[in-house]
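S.K.: Residue numbers (the working numbering): -4 to 459.
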């Protein structure tokens, strides 16, 4: 009898402790840049009332980055807290060097039930699958509803477990077939300064904005669900915009349109609404959740953002570390609060991105690029925009607070020679610390070579 009593007391105490821990909900977008929201400096034509409300109720990070602007590496970084040099996941389709602990393992050990609805793009065998959200980003008519998420939350609560739910939306990933583009008249679309203003560019931005509007409704439905089941106050709600879409200097690059993301974190009972310019990265999210949940910080590349969230510090990282290594082109960069330095070791080659530059890719991006090429035949300014995408000097330096679209390369100006030298030294130091070295061999090129096919770089050079 005494043994039974002690067992029941233990179960009660464990349940009580778990009940005190906050829940976590992460809504992860797909191919949406920092500039696509009303709450950010670039969101001049989008309609995102729910995300904007979330921004007003939580902490908004203005310098939040992914190390690689591709879905696979980004999600591996998010769930494991590891950067690509540690994990080996430099590009889509590349498997990690080994099976690493992830958010499911870390929080599971702390009594959490961890589930994922929608897109994973990552080995999430340790995370329970939740129905209701489309998992294939290439489907033309993805559907979504929160019933499965609600059941997971309520089941966890009934069993005395806190929960962590990741909602992996497929919006606004190509093929851009949901939403209503008529909500965004082409003459009202604001074309970012780093893009060429053409009819197809405007059409692409309008169609993309329509999917972002659908994403916003998903965020609104998630917020309403938490309110309806009375869990908003004890739930840390995080919104992450992933990386930018594959328009010029976006996804598959190290420019801010690709690597900079919107990060919002709301915890009504614990953190005050604020805007912070602290530099942070996707790898910082998992250790933040572990810290909030009361666990010990794992020995990974990421570090907890909790001191920033509770106002104890206004800084986090000296700089973000950015990588592009795919398609036969390599870049490394560091980005602090004011400046970004990009190192292009393969400056003798033109940058190449098949989904954008191949006419037969079947992607809407290719229509944009082909129109740019036509415009460049008679418009020198258009050729300048194209050169900015494909031709790069060894170093690029941008004052990102004054030049957020990275149009004015300062690296060739004597006034900034010391800045370039200092940041280059920092970049090399970071590469050495991470044991990251340039490799001119794209893993996908290796696969092509085994099949007797030309590399991506050879295909690119042949087009010249």
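The C-beta atom is built at its ideal place from N, Cα and C for all residues, glycine as well. These numbers come from a predicted model, not from an experiment.
1. Figure out for me which residue from 430, 408, 84 and 240 has the closest Cα to the Cα of residue 166.
2. Which one of 123, 207 and 180 has the shortest CA to CA distance from residue 170?
3. The beta strand (DSSP E) with residue 316 in it runs from where to where?
4. Based on the DSSP output, what are the partners of residue 334 in its beta bridges?
5. Would you mind stating whether residue 210 and residue 43 have Cβ atoms separated by less than 9 angstroms?
6. So what does DSSP say about residue 433, is it helix, strand or coil?
7. Check the Cβ-Cβ distances between residue 357 and every residue of chain C, and say whether any is below 9 angstroms.
8. Beta-carbon within less than 7 angstroms of residue 142's beta-carbon, same chain only, minus the 5 sequence neighbours each way: which residues are those?
9. Suppose only complete runs of 3+ residues qualify. What are the beta strand (DSSP E) ranges in the segment 57 to 139, listed by chain order?
10. Using the beta-carbon count (16 or more within 10 Å), is residue 304 buried or exposed?
11. DSSP state of residue 42, grouped into three classes?
12. Would you identify the three-state DSSP class for residue 438, choosing helix, strand or coil?
13. On the three-state DSSP scale, how would you describe residue 301?
14. Which whole-angstrom value is the C-beta distance of residue 275 and residue 59, which I expect to be below 8 angstroms?
15. Tell me which residue opens and which closes the beta strand (DSSP E) that residue 230 is part of.
16. For residue 132, which residues from the same chain have a beta carbon less than 7 angstroms from its beta carbon, with the 5 sequence-adjacent residues on both sides left out?
17. Measuring alpha carbon to alpha carbon, tell me which of 48, 217, 224 and 294 ends up nearest residue 96.
18. Taking all protein chains shown into account, do 16 or more other C-beta atoms lie within 10 angstroms of the C-beta of residue 138, making it buried, or fewer, making it exposed?
19. On the DSSP letters alone, give me the boundaries of the alpha helix (DSSP H) that residue 179 sits inside.
20. Exposed or buried, residue 437, counting other C-beta atoms within 10 Å across all chains shown (16 or more means buried)?
21. Excluding the 5 residues flanking residue 93 on each side, which residues of the same chain have their C-beta closer than 7 angstroms to its C-beta?
22. Just the C-alpha distance for residue 244 and residue 153, rounded to the nearest angstrom, thanks.
23. Output the residue ranges of the alpha helix (DSSP H) runs that lie fully inside the segment 160 to 216 and measure 4 residues or longer, sorted by chain position.
24. Can at least three beta-carbon pairs, one atom from the segment 414 to 425 and one from the segment 342 to 351, be found at a separation below 8 angstroms?
25. Could you have a look at residue 22 and say whether DSSP puts it in helix, strand or coil?
26. Please list the terminal residues of the continuous alpha helix (DSSP H) segment that includes residue 368.
M.R.: For this structure:
1. 240
2. 207
3. 315 to 321
4. 394
5. yes
6. Residue state, collapsed to three classes: coil.
7. Among the protein chains of the structure shown there is no chain C, as only one such chain exists.
8. 127, listed in sequence order.
9. 108 to 113 and 123 to 125
10. Only buried fits residue 304, as 16 or more other CB atoms lie within 10 angstroms of its CB.
11. coil
12. Note that residue 438 has pLDDT 48, beneath the 50 cutoff, so the model's placement of it is unreliable and no number is given.
13. helix
14. Correct: roughly 5 angstroms between the Cβ atoms.
15. 230 to 235
16. 25, 114, 165 and 168
17. Comparing Cα positions, the closest option is 294.
18. exposed
19. Element bounds for residue 179: n/a, residue is neither H nor E.
20. Because the pLDDT of residue 437 is 49, which lies under 50, any placement of that residue in the model is unreliable, and the number read from its coordinates should be weighed accordingly. Residue 437 comes out buried.
21. There are no such residues.
22. 48 angstroms
23. none
24. no
25. strand
26. 359 to 371
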